[in-house]
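Taking it in order: structure first as structure tokens, then the write-up.
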Amino acid sequence: MKQTLTRAFKAAFPKTVPIMTGFLFLGAAYGIYARNAGLPPAVPIIMAAAVFAGSMEFVLVDMMSAGAVFDPLGAFIMSIMVNARHLFYGISMLDKYKKCGKKRCYLIFGMCDESFSVNCTADIPEDVDSGWFYFFVTLLNQIYWVAGAAIGSLIGNFLAVEGLDFVMTALLTVLFVENLLKEKCHAGSAIGVCAAVLCLVIFGADGFMIPSMLLILLALTVFRKPIEERLQ
Amino acid sequence: MSGFTIWQYAAVIGAAALGTMLTRFLPFIAFGRDKPAPKYIQYLGKALPGAALGLLIVYCVRGVDYSALSSTLPTFAAILVTAGLHVWKRKMLLSIAAGTAVYILLINLIH
Numbered sequence: 600m601k602q603t604l605t606r607a608f609k610a611a612f613p614k615t616v617p618i619m620t621g622f623l624f625l626g627a628a629y630g631i632y633a634r635n636a637g638l639p640p641a642v643p644i645i646m647a648a649a650v651f652a653g654s655m656e657f658v659l660v661d662m663m664s665a666g667a668v669f670d671p672l673g674a675f676i677m678s679i680m681v682n683a684r685h686l687f688y689g690i691s692m693l694d695k696y697k698k699c700g701k702k703r704c705y706l707i708f709g710m711c712d713e714s715f716s717v718n719c720t721a722d723i724p725e726d727v728d729s730g731w732f733y734f735f736v737t738l739l740n741q742i743y744w745v746a747g748a749a750i751g752s753l754i755g756n757f758l759a760v761e762g763l764d765f766v767m768t769a770l771l772t773v774l775f776v777e778n779l780l781k782e783k784c785h786a787g788s789a790i791g792v793c794a795a796v797l798c799l800v801i802f803g804a805d806g807f808m809i810p811s812m813l814l815i816l817l818a819l820t821v822f823r824k825p826i827e828e829r830l831q
Numbered sequence: 061m062s063g064f065t066i067w068q069y070a071a072v073i074g075a076a077a078l079g080t081m082l083t084r085f086l087p088f089i090a091f092g093r094d095k096p097a098p099k100y101i102q103y104l105g106k107a108l109p110g111a112a113l114g115l116l117i118v119y120c121v122r123g124v125d126y127s128a129l130s131s132t133l134p135t136f137a138a139i140l141v142t143a144g145l146h147v148w149k150r151k152m153l154l155s156i157a158a159g160t161a162v163y164i165l166l167i168n169l170i171h
């Protein structure tokens with residue numbers, strides 16, 4: 600048993616090293632941002648561990664910052680929408696994670712973009728237990744992210760920079776551009792921006808998110824045929 | 061400090077954790093080898109990410125005051141720098157750091 604674990608850890612750890620730097624830095628930025636937004640030190644750390652979906656955590660900081668309106672239902676709907684891509688990850692990992700026994704629950708809970716991409720593409724040597732390999736990749740990535748958040752939350756006590764909140768806009772811009780460069784059809788992205796701008800003009804900054812999400816879902820459903828053809 | 065109580069924090073974080081878990085667990089609960097995911101769900105899994113990210117960018121700039129150049133210029137200049145640098149170098153941390161630095165610099169210069 601011990602040997603199985605050691606072998607799996609030794610195979611998994613090197614695959615997560617490139618993710619470590621990114622998660623520590625971005626996690627720290629998120630922690631500092633949360634403290635600057637007026638959240639107590641423990642909140643960003645608990646959120647990093649419990650939600651474990653980077654971009655959604657930035658949005659949550661915003662939804663709980665000073666002056667924000669208490670809206671758990673909005674947070675629930677938004678998290679489904681923002682994380683809808685996980686549906687796709689899950690469908691890809693159905694067979695691979697089915698064989699992993701009790702670890703399966705944790706693997707699914709911790710399936711962030713980075714853990715998915717490593718686990719989905721890894722060539723696991725034959726003498727390594729794949730279940731434990733997936734487990735260590737997922738666990739290490741989560742440790743990096745929570746550690747980054749904790750470091751940032753502590754630094755945030757002493758560091759108040761005006762304008763640091765732009766880090767969230769920058770992160771989402773990068774994710775949006777990255778997705779644009781990868782996707783085969785830009786209709787979904789265009790619908791997202793246009794629907795949001797339209798609803799922002801009509802409903803104003805405080806009430807445009809839910810109408811936007813409904814409009815996006817409606818547009819994607821109405822234009823499903825042409826979009827789906829181009830996505831193939 | 062934020063005005064939320066501990067229970068309000070717990071409720072928002074719990075709701076978001078639940079929603080996130082739903083997106084991760086649903087395929088494993090609902091679909092399997094003999095019961096493939098409905099085409100509509102598969103389609104949403106592909107088409108929604110871009111739409112959601114587009115929506116979130118608008119969410120980030122929702123508070124910009126379009127009547128004041130000191131509000132619009134730093135935001136949109138920094139977004140352009142972030143996006144341009146990312147198309148050019150494709151280095152996530154570099155794009156984020158440079159874009160944020162440009163923003164901080166601009167809002168401190170333009171007042």
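Protein chains in written order, with our numbering: chain A, 600 to 831; chain B, 61 to 171. The beta-carbon is built from N, C-alpha and C at its ideal position, and this holds for glycine as well.
Contact with chain B is absent for Ala749(A), since none of that chain's Cβ atoms lies less than 8 Å from the residue's Cβ.
When Ala138(B), Ala107(B), Thr142(B), Gly79(B) are compared, the shortest CA-CA separation from Leu166(B) is found for Ala138(B). Using a CB distance below 8 Å, no part of the region 728-755 of chain A faces chain B. Under the 8 Å Cβ criterion, the region 658-668 of chain A does not count as touching the region 683-700 of chain A, having fewer than three qualifying pairs. By the criterion of a C-beta distance shorter than 8 Å, Val141(B) is surrounded in its chain by Ala158, Gly159, Val162, once the five residues flanking it on both sides are discounted. Relative to Ala648(A), the option among Met619(A), Trp744(A), Phe669(A), Leu672(A) whose CA is nearest is Trp744(A). The C-beta of Ile707(A) comes closer than 8 Å to at least one C-beta of chain B. With 16 or more neighbouring CB atoms inside 10 Å of its own CB, Glu713(A) falls in the buried class.
Relative to Ala804(A), the option among Leu153(B), Leu115(B), Lys149(B) whose CA is nearest is Leu115(B).
For a cut-off of 8 Å, the C-beta gap from Ala652(A) to Met662(A) is around 14 Å, too long to register as a contact. Just so you know, the alpha carbons of Asp94(B) and Phe715(A) end up roughly 23 Å apart. Distance from Met680(A) to Leu108(B) at the Cβ level is roughly 7 Å; contact confirmed, criterion being Cβ atoms closer than 8 Å. The criterion of a C-beta distance shorter than 8 Å is satisfied by Gly747(A) and Gly626(A).
A direct Cα-to-Cα measurement between Thr83(B) and Leu169(B) gives close to 43 Å. The beta-carbon distance between Ile750(A) and Gly630(A), rounded to whole angstroms, is 6 Å. This is short enough to meet the 8 Å contact definition. Cβ-Cβ distances below 7 Å link Gly730(A) to Lys698, Cys699, Gly700, Lys702 in the same chain, with the five nearest sequence neighbours on each side left out; the list follows chain order.
When rounded, the separation of the alpha-carbon atoms in Met152(B) and Asn778(A) is 12 Å. Between Ile690(A) and Pro87(B) the beta-carbon gap is near 5 Å, inside 8 Å, which marks them as a contact. DSSP places Gly762(A) in the coil class of the three-state scheme, outside both helix and strand.
The beta carbon of Cys719(A) lies closer than 7 Å to those of Ser691, Met692 in the same chain, with the five residues before and after it left out. Following the DSSP letters along the chain, one finds Asn718(A) inside the alpha helix (DSSP H) bounded by residues 712-720. By the rule that beta-carbons nearer than 8 Å mark a contact, Glu777(A) touches chain B. The three-state secondary structure of Gln68(B), taken from DSSP, is helix. Contact note: Val681(A) reaches chain B through Ala112, Leu116, using a C-beta cutoff of 8 Å and chain order.
Taking 8 Å as the threshold, the shortest C-beta distance from Leu133(B) to chain A does not fall below it.
Per DSSP, Leu830(A) is one residue of the alpha helix (DSSP H) stretching across 823-830. With respect to chain B, the C-beta atom of Leu758(A) has no partner C-beta closer than 8 Å. Counting only runs that start and end inside the region 92-164 of chain B, there is no beta strand (DSSP E) element of at least 3 residues. Taking 8 Å as the CB threshold, Phe91(B) lines the interface with chain A. Residues of the same chain with a CB within less than 7 Å of the CB of Ile644(A), apart from the 5 flanking positions on each side, are Val745, Ala748, Ala749, Ser752 in chain order.
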